[in-house]
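In our numbering, the protein residues as written are 1 to 425.
By construction, the Cβ of each residue, glycine as well, lies at the ideal position given by its N, Cα and C atoms.
Single-structure report; data block below.
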């Protein structure tokens, strides 16, 4: 059957095509008797119908403001279709194509709404498995310019309950779970374990991996490439977001274990860094209160001149001592900074035996670069320095400012070399 405007499918009349995917089409339709508007997802072919049924079984019964509800399914006719709530709004993919990337507060608001929807599904044993901008619908209020005023809804659940059997095939036999099939999901958003046919049962962590890709795409307007961090492509992004992205876009065992753990880090970002703040976020020193000796000397000046002179002299000596101490402190601080900058340069230029740090030059560990947790990152001159934690050890990667290949990789073998606690850890 050729689908076009005005075609009837059962009691539904097609009004407008909303989207087309690899296995199905989505149409806005109106019920011929009730006049009720809904969205029909229509599938052609047995494989497409099988996926349609699996997704409908996963999504049916999930009543949440952030999830598109499935109301009915028809598989006795060809083509088959499911009936879903109609959402008047574009997909997140279309929003990103129009805007390029989202502002950081907007991306954070969208991410939180998607997390709320996924958390509701995960609590009921449901895994999405195909989270991507095409499966996120956005209802934008008129004149709204920030994500907090958007209503985000997730649709097209693919996996359902990991390990559960799928709906009966047309011949009546039960098919194996989606987890045993190869190529389930969309390539760029698939966790590594999704690409292994017949592997361990999938769990909520596959959705957390996709959330990392989604976050990177919203903040930068592009997909992750290699070891790029969001702040490398968008200067408005702080390294706190780099940390969140790195904890999502990593191996299964090092990934956030749940939405709750991810939300804890997002709450820390919203509250601001507790220590190790960025220079632009540091608060100025509070004003020093007036010296009590000076106040006392002013109050007694007219009454007792000799005592006033003694207090004034004491105050001047105290002021001189403070100035001397301040100058000495600044000189010591400047010396420490100079030594620190020389040590950073020594990582790149000086011979290893001359380096003041107890580090070991090693061949670049692929596992640490790909799956290590970013502890801290900063720029120094012509270089970018990243500190990663992997397998209980700290690694220092030194990159050129305009490149992605490290010029030095070092393993730290002295406890306390890198301050722990950055990024709230």
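field: Cβ pair residue 136, residue 91 closer than 8 Å
entry: Position 136 of the chain shown holds residue 136. Position 91 of the chain shown holds residue 91. Their beta carbons are under 8 Å apart, which means residue 136 touches residue 91 by this criterion.
task: Return helix, strand or coil for residue 25, following the three-state DSSP convention.
output: Counting from one through the chain shown, the residue named residue 25 turns up at place 25. Residue 25 falls in the strand class under three-state DSSP.
message: In the DSSP assignment, the alpha helix (DSSP H) including residue 452 goes from what residue to what residue?
response: There is simply no residue 452 to check, as the chain begins at 1 and stops at 425 in what is shown.
query: For residue 195, which of 334, 130, 212 and 401 has the nearest alpha-carbon?
result: By one-based count along the chain shown, residue 195 stands at place 195. Minimum Cα distance to residue 195 is reached at 130.
Cα-Cα separation between residue 22 and residue 410, rounded to whole angstroms: Here the question's residue 22 lines up with position 22 in the chain shown. Here the question's residue 410 lines up with position 410 in the chain shown. If you take the alpha carbons of residue 22 and residue 410, they lie about 46 Å apart.
message: Given this structure, state the Cα-to-Cα distance separating residue 205 from residue 214, to the nearest angstrom.
response: The residue labelled residue 205 in the question sits at position 205 within the chain shown. The residue labelled residue 214 in the question sits at position 214 within the chain shown. The straight-line gap from Cα to Cα measures roughly 14 Å.
message: Using the Cβ count rule (16 or more neighbours within 10 Å means buried), how would you classify residue 402?
response: On the chain shown, position 402 is the one that residue 402 refers to. With fewer than 16 Cβ atoms within 10 Å of its Cβ, residue 402 is classed as exposed.
message: Once DSSP output is grouped into helix, strand and coil, what is the label at residue 256?
response: As a first step, residue 256 is located in the chain shown; it is residue number 256 there, counting from the start. If DSSP states are grouped into helix, strand and coil, residue 256 belongs with coil.
field: Unbroken alpha helix (DSSP H) run spanning residue 133, endpoints
entry: Within the chain shown, the letter at position 133 stands for residue 133. Counting along the chain, residue 133 falls outside any alpha helix (DSSP H), and DSSP gives it neither H nor E.
task: Since I believe residue 120 is in contact with residue 211 (beta carbons under 8 Å), could you give me their beta-carbon distance rounded to a whole number of angstroms?
output: In the chain shown, counting from the first residue as 1, residue 211 sits at position 211. In the chain shown, counting from the first residue as 1, residue 120 sits at position 120. Incorrect: roughly 15 Å between the Cβ atoms, too far for contact.
- prompt: Does the Cβ-Cβ distance between residue 38 and residue 17 come in under 8 Å?
  reply: Along the chain shown, one-based indexing puts residue 38 at 38. Along the chain shown, one-based indexing puts residue 17 at 17. No, they are not a contact pair.
Enclosing alpha helix (DSSP H) for residue 122 [first to last residue]: Locating residue 122 in the chain shown gives position 122, counting from the first residue. Segment 104-123, the alpha helix (DSSP H) holding residue 122.
- prompt: Using the rule of at least 16 other Cβ atoms within 10 Å of the residue's Cβ for burial, across every protein chain shown, is residue 323 buried or exposed?
  reply: Within the chain shown, the letter at position 323 stands for residue 323. Flag for residue 323 reads exposed.
query: Is it true that the CB of residue 33 sits closer than 8 Å to the CB of residue 53?
result: Working through the chain shown from its first residue, we reach residue 53 at position 53. Working through the chain shown from its first residue, we reach residue 33 at position 33. No, they are not a contact pair.
message: Quick check: the Cα distance between residue 435 and residue 244, rounded to an integer number of angstroms?
response: Here the chain has residues from 1 to 425 only, and residue 435 is not among them.
query: Taking residue 73 as the reference, which of 246, 329, 42 and 408 has the closest Cα?
result: Along the chain shown, one-based indexing puts residue 73 at 73. Per the Cα distances, 42.
message: Taking the alpha carbon of residue 109 as the reference point, which residue from 404, 269 and 380 has its own alpha carbon closest?
response: Working through the chain shown from its first residue, we reach residue 109 at position 109. The option with the nearest alpha carbon to residue 109 is 269.
- prompt: By DSSP, does residue 12 sit in helix, in strand, or in coil?
  reply: One-based indexing of the chain shown puts residue 12 at position 12. In this structure, residue 12 counts as strand in the three-state DSSP scheme.
Minimum C-alpha distance to residue 89 - residue among 228, 150, 395 and 263: In the chain shown, counting from the first residue as 1, residue 89 sits at position 89. Residue 89 has its Cα closest to that of 150, out of 228, 150, 395 and 263.
query: Using CA coordinates, which residue listed in 100, 65 and 103 is at the minimum distance from residue 87?
result: Against the chain shown, residue 87 aligns to sequence position 87. The option with the nearest alpha carbon to residue 87 is 65.
query: Do you know offhand how far residue 250's Cα is from residue 372's?
result: On the chain shown, position 250 is the one that residue 250 refers to. On the chain shown, position 372 is the one that residue 372 refers to. In a straight line, the C-alpha of residue 250 is about 8 Å away from that of residue 372.
query: Pick from 260, 381 and 254: whose alpha carbon is nearest that of residue 123?
result: Taking the chain shown and counting its residues from 1, the one referred to as residue 123 is at position 123. The shortest C-alpha separation from residue 123 is found at 260.
query: In whole angstroms, what separates the C-alpha of residue 20 from that of residue 400?
result: To locate residue 20, count along the chain shown from 1; it is residue 20. To locate residue 400, count along the chain shown from 1; it is residue 400. For residue 20 and residue 400, the distance between alpha carbons rounds to 44 Å.
Spatial distance of residue 285 from residue 242 (CA atoms): For this step, residue 285 is matched to residue 285 along the chain shown. For this step, residue 242 is matched to residue 242 along the chain shown. Note that residue 285 scores a pLDDT of 34, beneath 50, so its modelled location is shaky; the value from the coordinates is reported in the next line. Using only the alpha carbons, I get a separation of about 29 Å.
- prompt: With residue 127 and residue 207 assumed to form a contact (beta carbons below 8 Å), what rounded beta-carbon distance in angstroms separates them?
  reply: Counting from one through the chain shown, the residue named residue 127 turns up at place 127. Counting from one through the chain shown, the residue named residue 207 turns up at place 207. That belief holds up - the Cβ atoms of residue 127 and residue 207 are roughly 6 Å apart, short of 8 Å.
query: Taking just the CA atoms, how far does residue 103 sit from residue 237?
result: What you label residue 237 is simply residue 237 of the chain shown in a count that begins at 1. What you label residue 103 is simply residue 103 of the chain shown in a count that begins at 1. Looking at the two C-alpha atoms, the distance is approximately 9 Å.
query: Does the beta-carbon of residue 267 have 16 or more other beta-carbons within 10 angstroms, so that it is buried, or is it exposed?
result: Position 267 of the chain shown, counting from 1, holds the residue named residue 267. Residue 267 comes out exposed.
task: Can you say whether residue 309 is buried or exposed, counting buried as having 16 or more other CB atoms within 10 angstroms of its CB?
output: Position 309 of the chain shown holds residue 309. Unreliable placement is indicated for residue 309, whose pLDDT of 45 sits below 50; no coordinate value is reported for it.
field: Enclosing alpha helix (DSSP H) for residue 47 [first to last residue]
entry: As a position in the chain shown, residue 47 is number 47, starting the count at 1. Segment 46-59, the alpha helix (DSSP H) holding residue 47.
message: Measuring straight from C-alpha to C-alpha, what distance separates residue 118 and residue 412?
response: Numbered from 1 along the chain shown, position 118 holds the residue referred to as residue 118. Numbered from 1 along the chain shown, position 412 holds the residue referred to as residue 412. Answer to the nearest angstrom: the Cα atoms are 38 Å apart.
- prompt: Do you know how far the Cα of residue 252 is from the Cα of residue 190?
  reply: One-based indexing of the chain shown puts residue 190 at position 190. One-based indexing of the chain shown puts residue 252 at position 252. Distance between the alpha carbons of residue 190 and residue 252 is about 12 Å.
task: May I ask which residues mark the beginning and end of the alpha helix (DSSP H) holding residue 230?
output: The count along the chain shown starts at 1 and reaches residue 230 at position 230. Per DSSP, residue 230 belongs to the alpha helix (DSSP H) from 230-233.
- prompt: Do you know offhand how far residue 406's Cα is from residue 59's?
  reply: For the purposes of this step, residue 406 is taken as residue 406 along the chain shown, with counting starting at 1. For the purposes of this step, residue 59 is taken as residue 59 along the chain shown, with counting starting at 1. About 45 Å.
query: To the nearest angstrom, how far is it from the Cα of residue 15 to the Cα of residue 263?
result: Translated into the one-based positions of the chain shown, residue 15 becomes position 15. Translated into the one-based positions of the chain shown, residue 263 becomes position 263. The alpha-carbon atoms of residue 15 and residue 263 are separated by roughly 40 Å.
- request: Could you tell me the distance, in whole angstroms, from the CA atom of residue 140 to the CA atom of residue 11?
  value: Against the chain shown, residue 140 aligns to sequence position 140. Against the chain shown, residue 11 aligns to sequence position 11. Each residue's Cα considered, the two are about 30 Å apart.
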